[in-house]
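Here the sequence shown is numbered in my numbering, starting from 1243 and rising by one per residue. We treat Cβ as the ideally placed atom computed from N, Cα and C, and that holds for glycine. Bear in mind that the values here come from a model prediction, so they are computed numbers and not experimental data. One structure is given below, encoded as structure tokens.
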Amino acid sequence: MTGNAISTTISNDSLDALRATVGVPRERTYQEWEFDDARVSRSQVRHWAVVLGDMRPIFVDAEYAATGPWGALIAPPSVLACFEQIDPEIDGLPGCQAVLESASLEWFQPIRVGDFLLPRSTIESLEDICSDDGRAVTMSIATSVSTADGAPVGRCTLRWRCVERGTRVQGVLFGQREEPYMWTKAGIDALRDEYAAEQPRGAAILHWEDANEGDLLAHVLKGPTTRPKYLGRMVPNWYWGQLQGWEAHDAHPELFFANENDAPEPIAATDWGHHRAQRWGGVPGALDSNVERIHYVSHLLLNWAGDHGFISRMDLEFHRHNMVGDVTRSYGRVAAKRRQDGRGIITLDIWQENQLGEQVTTGTAEVALPLRS
């Protein structure tokens, strides 16, 4: 276990071992007895919707969804990012702090209740960045998801920046922030009113012909976050306090710290709240999860496009890292429109800002809308 000041090192040996896995796919396989449990269930889709704060009926109301454009409950499309089978902080460079730098996602069909999904992930590239301030490694992981009969559902590429803890490289992640943002009662009351004003389109159809270049989307508010949220394989699953935890501790004691109870816990747990991040990490606070911003953009686009719209592509760059307790507002503007393969495609410019007015994300998205003729 470490003392109060946590520091970790990305060694040449660990990086060489990781390089040997570049291009080698990792996929989830199932035994026959697992098939039923592995299918996307109604309760799982509802769980996703609750965690993401996006409880639109097409995700949670089976009767409503049966009469909708997809004929069944579908999952929030952004959960595609949660099927990544390689965790940079566990399978990649244990002990590092990994933050998401960019995300590119493409969808071919919705994820439906009852689907049996097969994810496959591959590390596409590694970039080693060494300086006097510490070491960082950029890791690009590509994931494809298909159904049991081989039909593609979607694919995504997430680019992670993995940094040594206790170095100036880690401190750079916080920019000019020296402490978490503190809210006033008036500020919280204003956020409550802003949430109440949200108006999803729902079953009303937005036709391709009615979307015009320059149209602004009604923004979507998320936050203040209370701690990083994780879905799918991102659940903190490498230490459960029982046998698996002791096995991990015996193999890598340097990756543990003594927590408030003086009990061993993985240093990744210092990323889950400001007190721990400040006390043991020596940083201004806990960083929010950039992965959440993918879900926020999905919420924005579906509010605008309605149930009949289909997000087909999203490319995002995360320029700044929010801290836990921040809010994120997602914005969009229609940039172009075209007909392609019998579909009406809308290209949108996307950006996100925090409560400080900082632009934390920029990108583009494509949405397919129904054609009137």
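query                                                                                                                                                                                                : result
Excluding the 5 residues flanking R1270 on each side, which residues of the same chain have their C-beta closer than 7 angstroms to its C-beta?                                                      : Q1327, L1360 and P1361
For F1301 versus V1287, is the C-beta spacing smaller than 8 angstroms?                                                                                                                              : yes
By the 10 Å Cβ neighbour count, where 16 or more other Cβ atoms means buried, how is G1456 classified, buried or exposed?                                                                            : exposed
Rounded to the nearest angstrom, what separates E1608 and L1485 at their Cα positions?                                                                                                               : 46 angstroms
What number of angstroms, rounded off, separates the C-alpha of W1480 from the C-alpha of G1487?                                                                                                     : Unreliable placement is indicated for W1480, whose pLDDT of 47 sits below 50; the coordinate value is still reported in the next sentence. If I take the Cα positions, the gap works out to 7 angstroms.
Exposed or buried, what is E1507 when buried is set at 16 or more other beta-carbons lying within 10 Å of its beta-carbon?                                                                           : buried
Can you round the beta-carbon distance between W1402 and G1586 to whole angstroms, since I take them to be within the 8 angstroms contact cut?                                                       : At roughly 35 angstroms, the Cβ-Cβ gap does not stay under 8 angstroms, so W1402 and G1586 are not in contact.
Closer than 6 angstroms by C-beta to D1513: which residues in its own chain qualify, once you throw out the five before and the five after it? Chain order, please.                                  : A1528
Among all the DSSP beta bridges, which residues are the ones paired with M1565?                                                                                                                      : L1529
With three or more beta-carbon pairs closer than 8 angstroms as the criterion, would you say the stretch 1541-1549 touches the stretch 1426-1446?                                                    : yes
Excluding the 5 residues flanking R1298 on each side, which residues of the same chain have their C-beta closer than 8 angstroms to its C-beta?                                                      : A1291, P1442, G1444, L1544 and D1549
Between which two residues does the beta strand (DSSP E) harbouring R1377 extend?                                                                                                                    : G1376 to T1389
Helix or strand or just coil, what does DSSP make of N1596?                                                                                                                                          : strand
By Cβ distance below 6 angstroms, which residues in the same chain neighbour T1467 in space, the five residues on each side in sequence not counted?                                                 : D1530 and V1566
Would you mind reading off the limits of the beta strand (DSSP E) that contains W1349?                                                                                                               : Q1339 to W1349
If you follow the alpha helix (DSSP H) that L1257 is part of, which residue opens it and which one closes it?                                                                                        : N1254 to R1261
Please go through the same chain and pick out, in chain order, the residues whose beta-carbon is closer than 7 angstroms to the beta-carbon of D1370, but skip the five residues on each side of it. : L1257 and V1379
Do I1248 and R1407 come within 8 angstroms of each other at the CB atom, strictly closer than that value?                                                                                            : yes
Specify the secondary structure class of E1369 as computed by DSSP and reduced to three states.                                                                                                      : strand
If contacts are defined as beta-carbon pairs under 8 angstroms, then L1415 and H1563 qualify, I think. What distance do you get, rounded to the angstrom?                                            : 5 angstroms
So the alpha helix (DSSP H) E1608 belongs to, where does it begin and stop?                                                                                                                          : Note, E1608: premise wrong, no alpha helix (DSSP H); beta strand (DSSP E) at Q1601 to L1611.
Can you tell me whether T1410 is buried or exposed? The criterion is at least 16 other CB atoms within 10 Å of its CB, across all chains shown.                                                      : Residue identity differs from the one stated: residue 1410 is Arg in this sequence, not Thr. Its Cβ having fewer than 16 others within 10 Å, R1410 is exposed.
Terminal residues of the continuous beta strand (DSSP E) containing V1321?                                                                                                                           : No beta strand (DSSP E) holds V1321; DSSP gives it neither H nor E.
Would you identify the three-state DSSP class for L1239, choosing helix, strand or coil?                                                                                                             : In the structure as shown, the chain begins at 1243 and stops at 1615. Residue 1239 is therefore absent and cannot be evaluated.
Assign T1385 to one of two classes, buried (16 or more other C-beta atoms within 10 Å of its C-beta) or exposed (fewer than that).                                                                   : buried
If you draw a straight line from the C-alpha of A1393 to the C-alpha of I1430, how long is it?                                                                                                       : 45 angstroms
On the DSSP letters alone, give me the boundaries of the beta strand (DSSP E) that A1438 sits inside.                                                                                                : No beta strand (DSSP E) holds A1438; the alpha helix (DSSP H) holding it covers K1427 to A1438.
Thinking D1568 and G1465 are a contact (beta carbons under 8 angstroms), I'd like their distance in whole angstroms, please.                                                                         : 6 angstroms
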